[in-house]
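Following: one structure in structure tokens, then a few remarks.
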Amino acid sequence: MKQNHINYWAFALLILPVVLLLVSGLTWCIGASICSFTFPLALVFALFMTNRIISSQKILCQSIAYCLVGLVAVGVLCYFIHDPAFDSNWYHQPGIYLLSHGWNPIYDHHSARVIKDTSHIWIDHYAKGQETICATIVAFTGNMEIGKLGNFFLPISSFFFSLMALEKKFEGWSKRKLWLVAFIVAFPPIIWNQLLSFYIDFNLYSIVVIALCSMVLYKEDKVKFLLVFICLLAIAVSVKFNMLLWFGLLYLGFMAYFWRQGLRSMVGYIFVYGIVGVIVSVLTFSFNPYITNTVDHQTPFYPLMGGHSNVDIMSIVEPESFKHYNSVEKILVADFSRPTTGSQSQNYQFPYGGYPLKNLTACGSVDAKLGGAGLLWLDVLILAIILFVLSKAYKTRKGKWYIGLSIAFLATQLLVPGGWFYRYVSYIYLVPLFLLFATENSVVNRRMNILRKGIYSLLLINSFVAMGATLATTIVANQIEDYYVKCINHSDKSCYSSDLYGFVRKVEPAKRTLGLNKPSNTMEQIPLLPTRVRIYIDYSALNRDVKTNFIQELLLKKGVLK
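Counting from 1, one number per residue, gives the positions in the sequence shown under the numbering used here.
Right, here's the structure in full:
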């Protein structure tokens, strides 16, 4: 792929979600709602806007063709692989459905109730930027699962930005190494874990990567640097409350760097553009929740802060053993553990705790409670520290910068109560990469060079394990859910109880009953399904005279399907 094409797609896929947000926000401002034309209109505008930046008519024509092929290919993948994750089925999907079916969150602060459950608190009052992006796709295609296509824009953009930044930083690298390391940087486990779900935490990682790349590429190009800054700011403001905190801290660091380098005009530009960007965002696509929450509950961050709810999420997701740990101990246990999804006690596994099957399956979880950086990240971190010390990279000027950045990233975990929860601080995945990059500028012998290649290989394997585990667990969960939905649809009487919109929407309209009533004694939870905590099945009442595929037959033989 040519350099100008890489540059084009890096910006196009960064600009597209922002244009989708802006078009949606302006549509709401005039009293209308997201419609089937929102996505194609924003797509065309984003491509032409990117063409103005890159200035190449030939690239525009080629890019439109590539875009259509790429969108269709990824859309087909999303269509066939359904999202079984709990939060997705609980409040992300109903929020997307409402936004794509006429809800104007500016004038209607509270949405229609598709679910009689507390999930409406999150639908109505939480940041909904990613849901808005996905809703434009759902409105265009008419299919909920294809809406996951909106998750792919930022990670792929971060891949192209990483490719350009690495090529500039390490001019002696081969094309193969550039592409492999860019892949490692842009697609860590959290991206694979959440890409095919409606979870939103992965955005933080991609935002940090693109921001760091912009410092390498455009710190002397004011226009492009500020364009990247504004786009990332819009996404950070709209997607999740805590992302704005991390984004602000990162750019405060950039401002300190510019000030120290004597580029004080850049500090002023970042400050002014930042204020204007926040105002525009809050007055359009982020009016709900920031303004609506302030009007209704006297705080923009309801229900996490203020109001009558004041929900403490961490008390719900925190492992039981953490009750006995202080903040530092929680972070150490979480960072130095193998992946696990359970809320039960977890012991230190430093430095090696083996790789049991439960850790392999946890590598495919959207929200691994501990060890969320992947099966091999702990090993990679230890080896990267050893190589950093042996190569004496800490003595070089760049080495000192990298170690300072690594310490700063790890230290931010102490700033919030949930700093131990990897999906809230996923950027710490970059720490061993920083240490490896520092050794690239040091003189190393043959053995050290082999070790460095081995560490890069482990990171690549770490990503592939996460990708494979995610696909495997998702496909199995899809087959389990599909089997029971077919049985329910063929049954003569009600045989399930659930308040999960994502599950119930698959049931035939005549048999849909939203609301989790007290389950009868004959009802049990579905085994292995991530959403099972809110789905109860009366197995004795199921009509099992349904057509099954080979995976479902295997699950029946193994006793997984009751």
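Ideal Cβ placement from N, Cα and C applies to all residues, glycine included. Source: prediction; values computed, not measured.
- Distance from PHE159 to PHE183 at the Cβ level is roughly 7 Å; contact confirmed, criterion being Cβ atoms closer than 8 Å.
- Taking 9 Å as the cut-off, the beta carbon of MET144 is found no closer than this to the beta carbon of TYR91.
- No Cβ-Cβ contact shorter than 9 Å links ALA234 with TRP246.
- Sequence-distant Cβ neighbours of LEU26 in its own chain, meaning closer than 7 Å and more than five residues away, are THR284.
- Under DSSP, LEU370 takes part in a beta bridge, and its partners are THR340.
- Below 8 Å, enough C-beta pairs join the region 466-485 and the region 80-95 to call them touching: three or more.
- Closest in alpha carbon position to PHE45, among ALA12, ILE34, ALA65 and GLN62, is ALA12.
- Beyond the five residues adjoining it in sequence on each side, LYS222 comes within less than 6 Å, by CB distance, of no other residue in the same chain.
- Under the DSSP definition of a beta bridge, ILE535 partners with SER498.
- Between PHE187 and PRO40, the gap from beta carbon to beta carbon reaches 9 Å or more.
- Per DSSP, the continuous alpha helix (DSSP H) segment holding TRP401 begins and ends at 397-411.
- In the displayed model, GLY142 falls within coil according to three-state DSSP, outside both helix and strand.
- The beta-carbon separation of VAL317 and PHE241, rounded to 16 Å, does not stay under the 8 Å limit for a contact.
- Here GLN130 is buried: its Cβ has 16 or more other Cβ atoms, across all protein chains shown, within 10 Å.
- Take the alpha-carbon of VAL216 and the one of GLY559: they are about 54 Å apart.
- Here GLY515 is bridged, per DSSP, to SER498.
- Under the DSSP definition of a beta bridge, GLU524 partners with ILE537.
- Secondary structure at ASP296: helix, using DSSP grouped into helix, strand and coil.
- Linking ILE475 to TYR429 through their CA atoms gives a straight-line distance of about 26 Å.
- In the three-state scheme derived from DSSP, where H, G and I count as helix and E and B as strand, CYS134 is classed as helix.
- Residue nearest to LEU390 within the set LEU410, ALA438, VAL72 and LEU360 is ALA438 (criterion: CA-CA distance).
- Within the same chain, HIS109 come within 8 Å of VAL295 by CB-CB distance, once the 5 residues on both sides are set aside.
- With fewer than 16 other CB atoms across the displayed protein chains lying within 10 angstroms of its CB, TRP259 is exposed.
- A direct Cα-to-Cα measurement between LEU387 and TYR66 gives close to 41 Å.
- The alpha-carbon of VAL74 is positioned some 15 Å away from that of MET467.
- The region 489-503 makes contact with the region 536-548, as at least three CB pairs between them are under 8 Å.
- The continuous alpha helix (DSSP H) containing SER214 extends over residues 202-218.
- In the three-state reduction of the DSSP assignment, LEU561 falls in the coil class, being assigned neither a helical nor a strand state.
- The three-state secondary structure of ASP492, taken from DSSP, is coil.
- In the DSSP annotation of this structure, the continuous segment of the alpha helix (DSSP H) that includes SER24 starts and ends at 3-29.
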